[in-house]
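Beneath this line is the structure, given in structure tokens, with notes to follow.
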Ligand SMILES: [Zn+2]
Ligand SMILES: [Zn+2]
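Chains as they are written, first to last, in the working numbering: chain A, -9 to 343; chain H, 3 to 163.
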């Protein structure tokens, strides 16, 4: 049976290993909180989950295993929280009567590392971003500006679709975009809006995925790609393509393309800017929201200079004679603040094509 | 969006089918309050019953929405109209066409039938007056040849200008 001294020694070792991540509440019997992150998360951008677990030993430790619970966690749904605790507890009973604190902490980090993936569904296809049985998952990516995640294939399909629309709209769109001095703010080609939150992002956010697709489909024009998507998906080269996507995903992870999603922020298709009341009140979310609001405000200013993805705006102004007094947009439930200063205008079909 | 009207008569792509099946399954588990999907075997056209929310001008009134999905849904917005008789509302024309930006320019592929329904109900619920849009007669006359609302040029106008 372990002496108190030995246990105190164990706690010292624990603190040496985990440093600031270990918050010691009591030396004997040992009780502490451990802040655990996935092993891959030295670069915080590769991190989807984290947790603080509480380990509390009783006076009969180590003959009786310590109590283990989750104090706080991010990105872990209830099921994974339970799984995490039960794995650590299981390890604890295996190690019964040994000094096990460091081993338990390692087990915790190990388990958490295996759970380092985001929750929820791809907002475009509604299938899970990460399949529970793993292995069968599609590669996914995140938008750096807003942290929304999509399957690579899904966001590329969407991107190509917009490119296609732009082509067909080219006569109206090209004028202002090319003559602009400030590429960063004005060049329409370099910006898109997230399908979920409409926060604008730069093309470079996803260009590593796009570049790849371009090389894969150099022979196929973007137009036919949309039409042939089903064929492409079932083709023999698909496996190869998937493998390359995986490689790209890795690259993208290195570039810091991964995220941390909180359970209550699970990507819900169709929901735009979250209602303030429904927002989790963590600092990071608030910051993101603030940033978002700023961006929206900025957008509404750029809007009036005709640089958004609504090439119609300038025409609307020019054709004021044909304009109807429209309806205001209060009917929108979850729309951006930009919409509050806009108004509906309907024009008779001008049969543009 | 000129591409949309042309393709809306084509059959659904595989991706559109998968997505709609997923939406339908989710709807069956968790339908938006006040809506009932009238089950048919036609995945490409949904008919959805709407019941006006209690305490609003449309309380207890029942209407039908018809949702037609284009080949490349959800890249393209579905066509959503009220099956006449449409509710009397300043943004709803008597032919059932709905002036709601998310159905046209502000559509995003991250939206779903369910989220559209919620927007439409919210639009109904916030109405303070039961009347047609001012230009109803002219608009409806222009649509007499069966034009889709997606062919109407709806857009935002910055009212500060
Ligand atoms: Zn997807
Ligand atoms: Zn987003």
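Note that CB positions come from ideal geometry on N, CA and C, so glycine has one too.
Counting only beta-carbon distances shorter than 7 Å to the non-hydrogen atoms of ligand 1, the qualifying residues in chain order are 112/A, 114/A, 115/A, 117/A, 128/A, 140/A, 141/A, 143/A, 144/A. Just measuring C-alpha positions, the residue of 157/A, 111/A, 130/A, 154/A sitting nearest residue 196/A is 130/A. DSSP places residue 144/H in the uninterrupted alpha helix (DSSP H) bounded by 138 to 144. In the three-state DSSP reduction, residue 66/H falls in the strand class (E or B). Residue 98/H sits buried, since 16 or more C-beta atoms from the chains shown fall within 10 Å of its C-beta. Here the distance from the Cβ of residue 156/A to the nearest heavy atom of ligand 2 is not below 7 Å.
Within the segment 42 to 103 of chain A, the runs of alpha helix (DSSP H) that reach at least 4 residues and sit entirely inside it are, in chain order, 68 to 84.
Taking a Cβ-Cβ threshold of 7 Å, none of the residues of chain H is close to residue 139/A; the smallest such distance is about 12 Å.
Residues of chain H with a Cβ closer than 8 Å to the Cβ of residue 115/A are, in chain order, 17, 20, 21, 24. The Cβ atoms of residue 44/A and residue 59/A lie closer than 8 Å to each other. By the C-beta density criterion, residue 108/A is buried, having at least 16 other C-beta atoms within 10 angstroms. Under DSSP, residue 29/H forms no beta bridge with any residue. With a 10 Å radius around the Cβ and a threshold of 16 neighbouring Cβ atoms, residue 62/A comes out exposed. The three-state reading of DSSP puts residue 131/A in strand, counting E and B together. The distance from the Cβ of residue 116/H to that of residue 48/H is about 11 Å, inconsistent with a contact at the 8 Å cut-off. Spatial neighbours of residue 186/A in its own chain (CB-CB distance under 6 Å, excluding positions within 5 residues in sequence) are listed in chain order as 113, 138. Straight-line spacing of the CA atoms in residue 66/H and residue 50/H works out to 6 Å. Fewer than three beta-carbon pairs drawn from the segment 50 to 60 of chain H and the segment 16 to 23 of chain H are found closer than 8 Å, and the two stretches are therefore not classed as touching. For residue 138/A, the shortest C-beta to heavy atom distance toward ligand 2 is below 7 Å.
Beyond the five residues adjoining it in sequence on each side, residue 117/A comes within less than 7 Å, by CB distance, of 111 in the same chain, given in chain order.
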